[in-house]
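Worksheet for the structure shown next.
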Amino acid sequence: MGHTSLDKIIALQRNPANIRNLCILAHVDHDQDYLLNLIDSPGHIDFSSEVSTAVRLCDGAIIVVDAVEGVCPQTQAVLRQAWLENIRPVLVINKIDRLILELKLTSQEAYSHLQKILEQVNAVTGTLFTSKVMEERAEKEKKEEEVEEEEKESKILSGDQVYDWSAGLEEADDSQLYFSPDQGNVVFASAIDGWGFSIQQFAHIYSQKMGIKAEVLLKTLWGDFYLNAKAKKIMKGAQVKGKKQLFVQLVLDNIWSLYDAVVTRRDKEKVEKVIASLGVKVLARDSRHSDPKVLLSAICSQWLPLAQAVLSMVCEKLPSPIDMTAERVEKLMSVGPRRFDSLPEQTQELKRAFLQCSSGENDPLIIFVSKMFAVDTKTLPQNRPLTQEEIAQRRELARQRHADRMAADQTAAESPKMEGLTLKDSQPEEEDQQTFVAFARVYSGVAKKGRRVFVLGPKYDPAQGLSMMPEGSSAWDRVPAVPHLSICSMDSLYLLMGRELEELDEVPVGNVLGIRGLEECVLKSATLSTSPACPPFIPLNFEATPILRVAIEPKHPSEMPKLVRGMRLLNQADPCAEVLIQETGEHVLVTAGEVHLQRCLDDLRKRFAKIEISASKPIIPFRETVVRPPKVDMVNEDLGKQHKVAIIHQVKEASQGRPSDTLHVDHSGLVTLTTPNRLATVSVRAIPLPQEVTCLLESSTELIRTLEQVNMSLREGKSLDISPRTLEAIAGLKAQLESLLQGRKWRNAVEHIWAFGPRRYGPNILLNLVEGYQRPSLWQCLGRGDQSGEAGAQAAGMRDLDNSIVSGFQLATLSGPMCEEPLMGVCFSVERWDIQSAALPQHQDSLKEDSISHGALTDSRVEGSSETWTAGLCQARRRPQAASADCYGPVSGQLIAAMKEACRHAFQAQPQRLMAAIYTCEIMATAEVLGRVYGVLGKREGRVLHEEMKEGTDMFIIKAVLPVAESFGFADEIRKRTSGLASPQLVFSHWEVISSDPCWVPTTEEEYLHFGEKADSANQALKYMNAVRRRKGLYVEEKIVEHAEKQRTLGKNK
Amino acid sequence: MSIFTPTNQIRLTNVAVVRMKKGGKRFEIACYKNKVMNWRAGAEKDLDEVLQTSSVFVNVSKGQVAKKDDLTKCFGTDDLTEICKQILAKGELQVSDKERQSQLETMFRDIATIVAEKCVNPETKRPYTVNLIEQAMKDIHYSVKANKSTKQQALEVIRQLKESMEIQRAHMRLRLVLPAKEAKRLKEKLKTLLQVVESEDFDEELEMVCLVDPGCFREIDELIRCETKGRGTLEVLSLKDVEEGDEKF
């Protein structure tokens, strides 16, 4: 575009037929001028989102393939993206010089090599095509099946059931799809030496030289043809007869001999002969140059200029915006499962505007924004420093004005001082301003500066919009609020020229442009239109989904707001980055891969946030649970028959365990705990819940929350209006629980559920198995539970303290004893609960129980024993022997603490396990890297669930599960190991119990023999548990030095 | 007294001495460095890894072994292992640098964890991460005191952090029900303690839902209990008023 002026570009923009919107790769002297919009996109797989955004705006793509490396994973990805967007690709096979100079192939070998590459590329296109046909067929079959089923009943006897075994491939025409030199969509090139050709050029040359028709040559120059010199005929079957193919003889041999003469042998005479025969002029300076490459490129760039070859192919083979196929338009405009035909009529009319590609005043304007990119406000055209010319112009103007004023002032006989004529920009620029420019293309109509348009979000429904808005309304009018629709004006329009932006007043149809002023309404991509009937375009399909999660933190905590703002900007600027704040307060950035992450972090540091940041592994959540006691030990021996070996540490534990008289644990796991004032006693047992119950509780948290609200209002004597549907759902939940909790152990358990926890709606249950204690049922809203049969005075007193037990349970389930993570799937059954009534009256008259119970709740929430947090309680403790009850605080508070401790001990009395969060992982991989995928999965404790082949391709789809704890860097590793041929996708799926016991030590003789005394083999659960404990600053059982004798001797004086 | 020559003496290096006074006498045992604290915490289970020799001394550096009579008189037994265990558990010792360092590190983490649990960013109502709090604690050069409880220190840290960053104790959400008669008078008194009043409903009784600083809870509780003579109620709706769930930008 070097020699083309801005005016000329604007003139060219007016005629869409002269526009070529391209994806990867200027202006050639053909019969007419063309305007090419080139969008270059990076090749790394992490940035394939950039390709996605570029491809959407283009009509064609130039795909460049390395002649030596052939088809790489990225080439496949690019081809797939071009295919999905329905744009026409052309192929450039580059770096042919490497075949000659590096690999030293003969022309014959090079020919077969090139043929192979072409076959590879076509094979990729072929699989894309077949998979599409298969999909269509599957869809068709599904429909047919539906129809058939109806029909079957009617003609079941007809016996006309001939199954169609053809795959449908025969019917579909695919000849236009493939790359083939004789189709003219392939260019062979060596960009470094400046040459490139399509076979048309050679066909043209030889048709004159040899007197064979150009069309015949065009068909035979590529393929298994040879020239019969005697008969002067082109014959088929070169390979069989051992003859040189036409392409080798006429094309490659010439290039090979040129390289041989110029580079390899440096034969001066021969070079001169070649130069003479080619009719090119070489400067004496070039021919004398010591580097033969200079001479080579001097000859080649005149003989077979690369630019011309590529550009003529582009102009001839790639479509202009006018030639956009109806199929592509329909595809763009039909979002999701909706078919184009189902869109409203007005919308279908827009398709005409699309196809006509007219830029009349009255045509509806349709623009698609594919991404937003940030630009320094300073570099915008209106803020750019002025050019010399402009400065001179302004100075002239200012001088004139000054002269006028001088003339006027002279009458007042005053001589003002000469003003400095320096020009300053009027607006003081803010240093670190970023402006977002939308990268977009006009699909219909003319984009004008300042025009107001509708911004259509991805979920906008034109039918709904049309019905809500008055007929013929435009974006200037005040319109009623329609979901997913907003209005904004395009402040400036820019022509994108590499890094430069040129301001334009209007941009007609078919052009790529930049728009400023949309940052408020457009997040990443959007459809802009003047007509509300326009549907939003289908979302961009990204080849790589964000997968690598890191937690971002500012170096200085006070800079948090800057970080948040920066991350918001990054989110808008990068189509493939996701940013979220987690419940734990972490700011998590999800990127496509390591390289992408590095760029995002750089952008954050230097452009968006401008602060020091650090990225680290995100916090991994765990859950704690209990399981049934195992029947066999670690070496699969039956536990029942063996003697436990008394080992040192067990004796140790017994002696070290606090000999407290308030706590009693019996060997069936029932824990009895008395409050410090010896007035209340609770007995609790922990039981593992069946997995299905846990899942059910997990999935119905919302319902349990409403149930809790209902119960709370019922307790206060108010009645809340509950919709019959909620009641039905609650009854359903109860029935499901009943069906899942069966067996002797769970008899009547559902009726006795006291509470759920933590936070009153979690996946843990508190059971009321206290004999003689009646409390309003949890299910009382269902009207079935007998309405609180009046019990004795004792029970009434206990009911007041009911809340304390629940609170204790909530606290215990919120953070377990293993590493203070929430519990999951544990049922605590309270089997005994005694209160000495002596204490109660004393408290009942002075305090309202309900209120203190909560008072104490906060105290114990603040970590068990609560001293320092509330001054009042603190004082009560310090007073040594005041009134005996008071020195331990209120009864309800003690009961909470006791209940919490009892639950924790009951939990510890059972075999404890950690639960890890698990991702499901879907991996697409080709057959040759399948083994390596399995290797990476195995190393990271993953488990393959199943694999299947994707129909019509050679890709396998592997479904596996992988612990979240092992997922950091997983995507990157798998990509590295498989050289990018496999790409995983991770989604959180469920919690899973880690089978190994974190507290395990060898106890039986067999285990002792097998593992030794210390069992140093790695225990995954223990590793996780210790990592969490260390992070939280909890006590980790770890020795400072392992072997006392092996420490460095400090005193060496003797 | 035996002859004191280099050949019949056992030299002990890397000794950590644990002393205990019992029955008016001083006893010492010779232990390895960095092991006594582990023994006390239960991480080290092998006594031989802790003790250099199982004999009990009167003075370790001089190599004077305690007399058997004294031992039986003071400890009531002459089982040396038993006595060593007692001294290990209750005796005093110089804590080594490594032991102290690891102890302080753990306490530092613990304080940061408590702060992170209790506090939120007042702008977003989201908690800060432990890492960030640790960073902030380092920035204000907070030094851990080994003899104060971590909770006490956490409160102190929160106070200091407020000066350098946006941080606040997470509020509690309370629901107060006050009888109509005292409502107006009580409300005046409560006004200073309540941070935010979210809703107010006055028909027969005054019902308020409000956010308060957890530190004021006891005061409010006391006030309501005393003034209304048990007729007003106070209910905790949530202990920590924080945003739940993930948020996408």
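So the sequence lines, in the order shown, correspond to chains A and B. For what it's worth, the numbering used here labels the leading residue of the first sequence as 160, then goes sequentially. For what it's worth, the numbering used here labels the leading residue of the second sequence as 7, then goes sequentially. Glycine included, every Cβ here is placed at the ideal spot set by N, Cα and C. All figures in this text were calculated on a predicted structure; none of them were measured in a lab.
Closest residue to residue i among the options (Cα-Cα distance)
i       : options                             : result
G353(A) : T289(A), L463(A), K368(A)           : L463(A)
R610(A) : S626(A), R553(A), L524(A), F532(A)  : L524(A)
E268(A) : A213(A), H363(A), L411(A), Y337(A)  : L411(A)
E278(A) : Y337(A), Y1078(A), V433(A), W992(A) : Y337(A)
V528(A) : Y602(A), F987(A), I458(A), V237(A)  : Y602(A)
K74(B)  : S155(B), E211(B), K31(B)            : K31(B)
Q912(A) : L896(A), R903(A), R918(A), G902(A)  : The question names Gln, but residue 912(A) is Ile in the sequence shown. Of the listed residues, the one whose Cα sits closest to I912(A) is L896(A).
W992(A) : G931(A), C986(A), C940(A)           : G931(A)
L229(A) : H272(A), V668(A), A485(A)           : Here the sequence assigns Gly to residue 229(A), which means Leu is not the residue at that position. Cα-wise, what sits closest to G229(A) is H272(A).
L729(A) : E486(A), S1138(A), S936(A), L760(A) : L760(A)
Q757(A) : K530(A), V723(A), P788(A), V709(A)  : V709(A)
Q832(A) : L822(A), S266(A), A282(A)           : It should be pointed out that residue 832(A) corresponds to Leu in this sequence rather than to Gln. Comparing Cα positions, the closest option is L822(A).
Within chain B, partners of residue i - CB distance below 9 Å
i       : result
S717(A) : A142, D145, S170, M171, E172
Neighbourhood of residue i by C-beta distance below 7 Å, restricted to the same chain and skipping five residues each side
i        : result
K608(A)  : M649, S651, L652, D664, E665
A606(A)  : L524, I526, M649, L652, E665, V666, L672
L1181(A) : P1157
D1004(A) : Unreliable placement is indicated for D1004(A), whose pLDDT of 37 sits below 50; no coordinate value is reported for it.
V218(B)  : H177, M178, L180, L199, L200, Q201, I226
I259(A)  : W415, Y418
E857(A)  : P922
A142(B)  : L167, S170, M171
T743(A)  : I778
8 Å Cβ cut-off: residues of chain B touching residue i
i        : result
K1191(A) : R115, D116, T119, V136
Closer than 7 Å at the beta carbon, the chain B residues around residue i
i        : result
I276(A)  : Correct list: empty, because the minimum Cβ distance to chain B is about 43 Å.
I1199(A) : N40, N44, K104, E105, S108
E712(A)  : T135, N137, L138
Amino acids of chain A, ordered along the chain, whose beta-carbon sits closer than 8 Å to that of residue i
i       : result
N153(B) : What N153(B) touches in chain A: nothing, since even the nearest Cβ is about 14 Å away.
V56(B)  : A1203
Chain-ordered neighbours of residue i on chain A, where CB pairs are closer than 9 Å
i       : result
E129(B) : M719, P720, V723
T112(B) : R1189, G1192, L1193, Y1194, V1195
Residues near residue i by beta carbon distance below 6 Å, same chain, minus five either side
i       : result
Y619(A) : H643, L644, P695
E206(B) : M214
Neighbourhood of residue i by C-beta distance below 8 Å, restricted to the same chain and skipping five residues each side
i        : result
D145(B)  : S170
A420(A)  : D426, K429, V430, V433
Y270(A)  : Q404, F406, V407, L411
F361(A)  : L376, L380, L409, V410
E1087(A) : L1140
V534(A)  : Q593, T594, F595, V596, L660
8 Å Cβ cut-off: residues of chain E touching residue i
i        : result
Q1206(A) : As a matter of chain content, chain E is missing from the structure shown, whose protein chains are A and B.
Closer than 7 Å at the beta carbon, the chain A residues around residue i
i       : result
R132(B) : I740, G744
Quiz item: How about the segment 146-157 of chain B and the segment 101-120 of chain B: do they share at least three Cβ pairs that are nearer than 8 Å?
Solution: yes
Exercise. Would you check if the segment 1195-1208 of chain A and the segment 1097-1110 of chain A touch, i.e. whether three or more CB-CB distances between them fall below 8 Å?
Key: no
Quiz prompt | Within 8 Å of chain A by C-beta, residues of the segment 20-49 of chain B in sequence order | solution = N20, Y38, K39, N40, K41, M43, N44, A47, G48, A49
Quiz item: Touch check for the segment 1081-1097 of chain A and the segment 1123-1141 of chain A: three-plus C-beta pairs under 8 Å?
Solution: yes
Quiz item: Which residues, in chain order, does the segment 857-875 of chain A contribute to contact with chain B at a C-beta distance below 7 Å?
Solution: none
Quiz item: Would the segment 964-980 of chain A and the segment 1058-1069 of chain A be scored as touching if the rule is three or more Cβ pairs under 8 Å?
Solution: yes
Quiz item: At a Cβ cut of 9 Å, what residues of the segment 769-784 of chain A count as close to chain B, listed as they run along the chain?
Solution: S773, S775, I778
Exercise. Note down, in chain order, all residues in the segment 741-769 of chain A with a beta-carbon under 9 Å from any beta-carbon belonging to chain B.
Key: Q741, E742, T743, G744, E745, H746, V747
Quiz item: Given 8 Å as the limit, is there contact between the segment 712-719 of chain A and the segment 680-695 of chain A, that is, 3 or more CB pairs closer than that?
Solution: no
Quiz prompt | the segment 736-745 of chain A / the segment 236-251 of chain A touching (three or more Cβ pairs under 8 Å) | solution = no
Exercise. Tell me, please, whether the segment 773-789 of chain A touches the segment 1060-1074 of chain A by the rule of three or more beta-carbon pairs shorter than 8 Å.
Key: yes
Quiz item: Do the segment 457-474 of chain A and the segment 207-216 of chain A make contact, defined as three or more Cβ pairs closer than 8 Å?
Solution: no
Quiz item: If you measure beta-carbon to beta-carbon, which residues of the segment 899-916 of chain A are closer than 7 Å to chain B?
Solution: none
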